[in-house]
Structure formats: C-alpha cells, structure tokens
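Notes follow once the structure below has been shown.
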Amino acid sequence: MSDVEMKDEKDALDVKSDTEDDESSEGTNTEDEDTEDDDNDESIESKHIKEYIEILTKIAGDKYNYDNYAELLEVAHQMNDLEKIRQSAEIFSAMYPLSPEIWLKWLKIESSLATTDEQVEKVEKLFQRALNDYYSAEVALEFAELAMKTSSRDIADRIWKTLIPTYALHTVKGRSIFEAYREDTLTKNGDSSASFNRLARIYEQELKIPLRNMEDSYIEYKLLCEKYKDVIKDLDEEKFERRYKQAKEALQAMLPHENALAALEAHCHQERADLYRKYIAECQPLLEDDEVQILYERMVTECCLDGTVWHDYVRYLHRCPPDPEENPASPVFRQTELDLVNRALRNCTWSAELFVEKIRIVERQAKPSSKMTILKIMEDVASAGLQTPEASVKVWLEYLTYLRRVTDFTSEKERGILRANFDLAWNQLGRTWGVLADAQCKILQFWGRLEYEMLGEPSKGRDLWYSVMDSADNSTRVGLWIEFIELEAKRGPDAVRKLYRKSINCAGLDDPETLAAAWLRFERCNGTLDQLITCQELCNATIEKYYKTLSKNGPANRTTKGKRMETGSTSANKEPSESSTTKRHASSVDGASGSPGKKKLKRTHDQMSDRSAGERQAEFKTPAIPVANNTKRHDHKQDPAKHPEMEDDDSSGYVPKGDQNRQVFVSNLSFEVTETDIREIFPDLSIESVELVASSSGKSRGFGYMQLASADEVPKALSFDRRPLNGRPVFISNVARDKANRQHQFKYSAAFEPNKLFIKGLPFNLARDELEKLFKPFGPIRDIRIVCYRSGKSKGLAYLEYETETAAKNAVLKMDQHVIDGFTITVAISSPPPKKNPTATEPNLAVGDSGGLSVSLGSGKKQLAKGDVKQKLSTMIPTAVLKKNAAITATTSDDKPKSNDDFRKLLLK
18 MSDVEMKDEK DALDVKSDTE DDESSEGTNT EDEDTEDDDN DESIESKHIK EYIEILTKIA
78 GDKYNYDNYA ELLEVAHQMN DLEKIRQSAE IFSAMYPLSP EIWLKWLKIE SSLATTDEQV
138 EKVEKLFQRA LNDYYSAEVA LEFAELAMKT SSRDIADRIW KTLIPTYALH TVKGRSIFEA
198 YREDTLTKNG DSSASFNRLA RIYEQELKIP LRNMEDSYIE YKLLCEKYKD VIKDLDEEKF
258 ERRYKQAKEA LQAMLPHENA LAALEAHCHQ ERADLYRKYI AECQPLLEDD EVQILYERMV
318 TECCLDGTVW HDYVRYLHRC PPDPEENPAS PVFRQTELDL VNRALRNCTW SAELFVEKIR
378 IVERQAKPSS KMTILKIMED VASAGLQTPE ASVKVWLEYL TYLRRVTDFT SEKERGILRA
438 NFDLAWNQLG RTWGVLADAQ CKILQFWGRL EYEMLGEPSK GRDLWYSVMD SADNSTRVGL
498 WIEFIELEAK RGPDAVRKLY RKSINCAGLD DPETLAAAWL RFERCNGTLD QLITCQELCN
558 ATIEKYYKTL SKNGPANRTT KGKRMETGST SANKEPSESS TTKRHASSVD GASGSPGKKK
618 LKRTHDQMSD RSAGERQAEF KTPAIPVANN TKRHDHKQDP AKHPEMEDDD SSGYVPKGDQ
678 NRQVFVSNLS FEVTETDIRE IFPDLSIESV ELVASSSGKS RGFGYMQLAS ADEVPKALSF
738 DRRPLNGRPV FISNVARDKA NRQHQFKYSA AFEPNKLFIK GLPFNLARDE LEKLFKPFGP
798 IRDIRIVCYR SGKSKGLAYL EYETETAAKN AVLKMDQHVI DGFTITVAIS SPPPKKNPTA
858 TEPNLAVGDS GGLSVSLGSG KKQLAKGDVK QKLSTMIPTA VLKKNAAITA TTSDDKPKSN
918 DDFRKLLLK
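Each residue of the sequence shown is one higher than the one before, counting from 18 in my numbering.
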C-alpha cells in the first residue's frame, strides 16, 4: 500500500472515528433527555394523583361543595386516566346532575373508544343518563353520531327512536338531527326503492314540524319525489302541503323569540326565563303539546337554578301530561310529574314551592306508601336549608293541611297526633328562625280554627287566636279580628260581643269602619236597644279618632276605605255643620262588609250634601252625633308638614326651593338634628343650604333637603347614604320627581338574582368592612348592604352583590353555616318569592306569600318584637294541649332539634 493510500485510509479512519464519537455522544444525550422527560412525566403524574386524593378528602369533609366535584373531574381529565374520569364523574353525578358540557366531554371519550357492540351498548346507557339530566340538542347530536357509527341495526334503531320524537323537535337544531337520520338510513339501506320511500317518509315527518331552514328540506323533498316518482308510493300532496303550511306559519311566529334568546348573554338568567315564558304564552296556540313541552325542557335546562321555571313546568305537566305509550323510548315524554319534581329539586333544593308540589303529587297518587313518602319529603326539607322563614312556613302549612285531610277526627289518638304536629311545627320554626318565624302566626291561625271546628275544643281555639292577635301587628288587622269573631260565634252572642268590644278599642286598626259596620249589623240582629246604642257610641268614637289621625297626616294617607259610617249617638244633641258633613266620605247604610270581590259604593262630596245629618239621625231614632268641625281642606298638592317620614324615598309632593338637579333628600333624622349637625357630618360636601321640613308647631319632621354647590356633588352625596348621625343612619336619595330617574345605590328585584347573596344570622356588631373582608376572597364585590333598624342597629341581615355569578356560588358553598363570633350564618342566593297581589284573597296555603326580608332590603312586614308570641307561647297554648304533648316537648326542652327518627316515630304512633 503506497504512502498516499495509507494517508487517505488514515484520514478516512479519523473521519469515521470522529463520526462514531459524535454518534456516541448524541446517543448519550438522547438517553439523558428521555430520562429527564420520564422524570418530568412521573413528577406531573404524581402531582395529579396527590391533587386527586386531596380533592377526594375535601369532598368527604364537605359533600355539598359543587366546586370540589368540578375540580375533581378536571384533574381526572388532566391525568388522561379513563378509570379516574369515570370514577370522578360517577361521584359527581351521585350528588348533582351533570351539565350537558360535562356529559359531552366524557361521552366523546367513551364514544371514540367503543368498538364492539357490547361497548357501544354501555355508551348508549350513558347517553340515556345524560339526556335524563337535561334536555340538550348537543348531546343528542353526539348520540346521533354513535348511531351512525355502530354496525348494529338494533342499537341504531333504539337511538333514533329516542332522538327523533324528542330532540328533532328543537326549532333551531332539529333539522340537523333529521339530516343525520336520513344519511344513516341511506347508508345502511343503499339505493333501493324501499330506501327512497323511507327517505320520503322522513322528509314528511320533518316538514310538519316548525324547524329553522325547513325551506331547504322542502326543496330536497320535492327533488327526491320528482327524481324517483316512479318508485315512491303513498304520496298525499294535499295533506302534506297543508301540514307544511301550518308548520311554516308557526315557525314565523317562533323565530323572533328564538332570535331574542340567541342574542342574550349567558349571564342574563332572569331575562332568559321571561323570554321563554313569553315565547310559550304567544306560541302555545300554534303548537302541538309535545312541541310546547320541549320549550319547557329547554327553559329549565338553560335556567336550571331558577325554581320558578321548574314550578311552571311541573304545573304544565299536571295540566297536560304526555302519553308515555306513544314515545316509550323518550326520556322527556315518559317522565311523570314525580320524576320531574325530583329533577327540579336536584337543581333547586331551596324551593319551597317545589316541595309543596311534591307533597301534592304524592298525595294525589293515593298509594299505601304515600304517608311515609311525604314524611321523607319533610325530612328532606329539614336538611335542604330553606332561605327564608316564609318558605319554611309555606311547606309546614302544606304538610299540616295534608295531615288534616287524612286525619280521622273521630279518633282521639289521631287528633292528638295532629295537635302534636302543630306543636312540633311551631316550635321548630321558633328554634330555626327565632322572632322572624311566622310573624303573622299562620300556623296558629290554622290550628285555632281546627280547634274551634273539627277538633271540637273552642276554648283551646280561643286561646290560640288570642296568641295570634297578641303577636306583632296582628291586632291592627281588621280581617283577622272578623275571622276570630266568626269563630267565636260558635260560643254564643255574649262571646262575640265581648270580642267586638275588645277589637274596636285596639289602637291603629287598619280599617275600623268595616269592623264597626260588622258589629252594628250583629247588634241589629242579636242585641237589645241599649246594646245597639253602646255599639254606636264606641264605633263612632273610634272612627272620629281615626279621621282626626288621618287629618293630621294629610290627605295623602287617606285610604280608599276611609269612609264615614252612618251611625247615631246619644252622647250629645249638637247638629253637625253642613260644611263638616258634606266634606266627609260616606258608605252605604251600615257600611260595607269588605268581602273580597264586591265593589263598594262611593259617593262624591256633592252627592253627600243631599244627605243631611238629620236623615242619618232619623234612621237610628237617636240624637245626631257631634262631629269636629273640619272645614279646612287640603289641596291636591300635599302639605310638606303633613308628609310622613319616608325611608329612602322623597314622595311627599313638597317642592323644595332651588335647583333640584343639585339637591338630595335626607331622611331618618332625629327631630333634634339641626342644619349645623348636618353640615358637620358631611365635611366632604360643598353644601350651599339645608332645608329641614318642619311641622305646624315648628319642630323638625326628621327629613329635608340639601342644596349642593353643583350637580356633580350629587353622586358623591349619595355615596354617603346611611352615614350615622346621633346614633341613626341618615338616608340620602335623589330628589328627582320621576322615580324612574332616581339613583338608588343598592336595588334588588323580586326575582332570582344569581350574583346576589342574602346573609342572615350575622353578629349585630359586625361592620361593613369586616363583612367585606370575609367574602372578598371569593370574587370582586360590587356592593354590600347591612339591613338596619331605623335606629341604626343591625338586624343581623345583609345583602351582598358580586360582580359574577361564580363568585356568589362559591361564597354560598363555602360560607353557608360559617361561624362568626359564635353566630352561625346562613348564606343563600337572593331568590325572593313573587310579590303577593294585595287585592287577592289569600289561598289556604298562602302560596306566593313573601316577607319583607326577601322582597326588599330590610323593609316589609313588621317583625316580632322580643317578648312576643314566641316567648309567650307556653302561657298561651291551652294547658290540655301542653299536657297531651308533654312527651314530645320534654325531648325538646333543651332546644335540641328532633332527629328524623323522632319525627318518624311521631307519625307512626
């Protein structure tokens, strides 16, 4: 080998050696990188496993925290572990219904892995469970993909029998399901005459339903019929065109509602519910019952935390139940009322109306097990955590009404059980809500009436009704007195007369004329001359006092019932002046009874001048009653001196001096407050003048107006609302005459508001900043309002508004039953019951009653004061009832709540 060749070979070997060294080095680096990646994967996996175990531990400690379940499922998906995904989803589903989005994420994984018929059947069952939770067109479309994927004709047929009668009715997405159905039919049947006939039938089924873009399907159908007219049979053009036209007309009415729903943002829950209600009301006459029910299903799916929409749906299903035999495979049309109300309560466990509906549904079924089922419902109520005392009273009233219907009143044992349940209801409400519980004493009213009537113990009924009238402001309610008197009639005329005398002397009666007219009629029918005259004297004295009070407060406070009763008196012989007589309102002879639904006669001042005091005197054969000279008349514009103190609202009609755009209305002032005091507590404001409205005696009425330097100062002044002065919060509001333009800093509607909380049970000395500090970790807070008495002392209640719904939900889950300085607080989403129509007659169950705490920020009905009926109950409930229930009350004497077993034993005695 030559030197040149050797050199070339050496160079080649050197190059090879270098290459091998590089390859060796590269291989070593690759192995190191793989090892590092494996270590990273193990680290991430270990981290996920640790998180998964920690979340399971949290769920074991707090099984009602929704976020823990969602977090568990999210970690399982991050681990890419199918078994963990299945496990976490099952844990989640056992406690709460899974949302369509959660189901879809899980089902797509399961569908992609299912290859054999056995695996597809398991996935099919999962889809059925998902569709039982919520109505979802998206889940239905994924289910259709499974039908097209499977080679099993039986499985595909089952899926289409589930989807077509139900989810193909979705106005917006139903056509997509029909398209998938036609494609699957054509794929599996091929190009045959049977296949084309089947396609024609599917088109005809689709085109009788109002679906968006149905015109495209109509064109496709016509082309199909034209192309294969020789093989397609049983075409009925006239019938088809008629049904298509009807569906098209219905669609034109539906599309504006569908567009309005699509335009709403995701967080507009109340607006969405209202749109659906309007949608159903306007389109129901044009739609089939099944199509209407689908709208209800869509509404409860998209507003699942609004108990009122579920209640509407339950009532609809009661009126128009579907026939399950027509669509036995449909999860929507095969459900019963009980199935639906159970779905509703999984979403809205706090809804008293839904519990009431469930009790009624079970009772209507009239099964041997109904009593035990209703007992179980009451146990669920006890653990549900109803948000207001009114809601608890509503459910208890329904339960007690059910017991009244099933009680054998000839059995002493069953009568004792019924009394014991009334006692149990009253005491449990008192322990749970304290003085806030049943302020109108509806439980005692019901109990007392039964004692008068079916229980046959009028003396016990009388004692219970005296407890009612001694509580809160019930003694001022004439309607309650008349009901009490009606019951006392069973005891004889002397008992009635005694009660009339007691009631007419009560201070602050809301309608003394109706009560006086009722007593007068009673004495005409049952009394002697002396008794009739005594009645007239007492009634007229009360009514004169009532009118003097109205006169002092100004015409703005005169009610529509403020009419003079035509009675005489023997107290004096003076004739009233014509001036004073003609300027009073008058009722028909003896007054109107005030029964609901009957119109009262009204007379104008001119008409009254035709009826003199002498005519009224002749009617009773007694001297005319002297009346105070009341010749002064108020103009329609109210006198500011007669304006009652208003909280947060300047509605007196008084027009202050100066520029109203630069003024604010201040109220809830102590009568001793001066202009100097007001200026001192608002040093940040540029105040030009302060105008305090005074009474005729010159004393402050506790409200007035502040004139500011500029209109820009007004929002700043409104931000100082409820700043304390002499121990009372000063209320500041806008002077604008148009209420729609007034600026209120903290307003709540009477409807469900998912980003607002109602908090009760707070320490009375808890400050606003302390409350904000407690709730701020869950999200940005928009505003807080602690509900106070007019004196400025906290009621232990508060409303808190978050920027987002998620923050409110997290706060409810994590702060409900939280202990602050020894006080266990209750936190719930603000969801007041609908306002009751003030003119409507109260139903037996008072469904729809609402208290002030739920509807407004601390205003509303007068609450029980310390020392009222809750404290007096031991002395007011009949001794016989207390003795008969001694065994029950003994177990609760230490204020420990009854267990479910105690409750069950009570009814099974």
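Just so you know, even glycine gets a beta-carbon here, dropped at the ideal spot from N, CA and C.
Rounded straight-line distance, which links the Cα of residue j to that of residue i
i    : j    : result
E692 : V731 : 18 Å
A157 : W120 : 11 Å
Y238 : K178 : 22 Å
F257 : R315 : 28 Å
E68  : V92  : 7 Å
H651 : T566 : Bear in mind that the predicted position of H651 carries a pLDDT of just 36, short of 50, making it unreliable; the figure below should be weighed with that in mind. Spanning the two alpha carbons is a distance of roughly 15 Å.
A726 : I704 : 6 Å
V707 : V690 : 12 Å
I460 : E415 : 10 Å
Q382 : Q352 : 15 Å
P860 : Q457 : Interpretation of P860 is limited by its pLDDT of 36, a score under 50 that renders its predicted location unreliable; the figure taken from the coordinates is listed afterwards. If I take the Cα positions, the gap works out to 15 Å.
S387 : V423 : 11 Å
L252 : R363 : 48 Å
K515 : D440 : 28 Å
K122 : I698 : 59 Å
A106 : P182 : 29 Å
A489 : T841 : 26 Å
S210 : Y184 : 28 Å
E62  : W443 : 56 Å
P700 : L115 : 55 Å
Cβ-Cβ separation, residue j to residue i (assumed contact under 8 Å), whole Å
i    : j    : result
F769 : Q404 : That belief does not hold up - the Cβ atoms of F769 and Q404 are roughly 11 Å apart, past 8 Å.
A815 : I801 : 7 Å
P227 : L268 : 4 Å
V681 : L735 : 7 Å
E141 : I176 : 7 Å
Y245 : F213 : 5 Å
E540 : C552 : 5 Å
G509 : S848 : G509 to S848, Cβ: 48 Å. No contact.
V752 : Y722 : 7 Å
L216 : T202 : 6 Å
First through last residue of the beta strand (DSSP E) which encompasses residue i
i    : result
R538 : It is not in any beta strand (DSSP E) - R538 instead sits in the alpha helix (DSSP H) that spans 529-543.
E342 : E342 -> no beta strand (DSSP E), and no H or E assigned at all.
L322 : Careful: L322 lies outside any beta strand (DSSP E) and carries neither H nor E.
L281 : Taken as a continuous stretch (DSSP letters only), L281 belongs to no beta strand (DSSP E), as it is neither H nor E.
K845 : The amino acid occupying residue 845 in the given sequence is Ala; Lys does not appear at that position. Where A845 is concerned, the enclosing beta strand (DSSP E) stretches over 843-847.
A383 : Note, A383: premise wrong, no beta strand (DSSP E); not H, not E.
S717 : 717-725
V710 : 704-711
V747 : 745-751
F160 : Element bounds for F160: not the beta strand (DSSP E) but the alpha helix (DSSP H), 154-166.
R802 : 798-805
Whether residue i touches residue j by CB criterion (9 Å)
i    : j    : result
P797 : H284 : no
A279 : V349 : no
R90  : F109 : The displayed chain sequence assigns Leu, not Arg, to residue 90. Against a cut-off of 9 Å, the Cβ pair of F109 and L90 comes out as a contact.
T318 : Y83  : no
E503 : Q462 : no
Y293 : C320 : yes
L830 : F792 : no
V326 : I378 : no
E468 : K477 : yes
L709 : R696 : no
R199 : I219 : yes
Where the alpha helix (DSSP H) through residue i begins and ends
i    : result
I297 : 286-300
A400 : The residue you asked about is not Ala; residue 400 is Ser in the sequence shown. Run containing S400: 387-401, per the alpha helix (DSSP H) assignment.
A506 : Counting along the chain, A506 falls outside any alpha helix (DSSP H), and DSSP gives it neither H nor E.
Residue i: CB within 8 Å of a non-hydrogen atom of the ligand COA
i    : result
S492 : The ligand COA is absent from the structure shown, which contains no ligands of any kind.
### Task
Please determine if the stretch 543-560 and the stretch 510-530 are in contact, where contact requires at least 3 C-beta pairs separated by less than 8 Å.
yes
### Query
At a cut of 8 Å, does the stretch 297-316 reach the stretch 813-830 through at least three beta carbon pairs?
no
### Query
Is there contact between the stretch 129-147 and the stretch 167-185, where contact requires at least three CB pairs shorter than 8 Å?
yes
### Message
Check whether the stretch 360-373 and the stretch 407-420 are in contact - that is, three or more C-beta pairs closer than 8 Å.
### Response
yes
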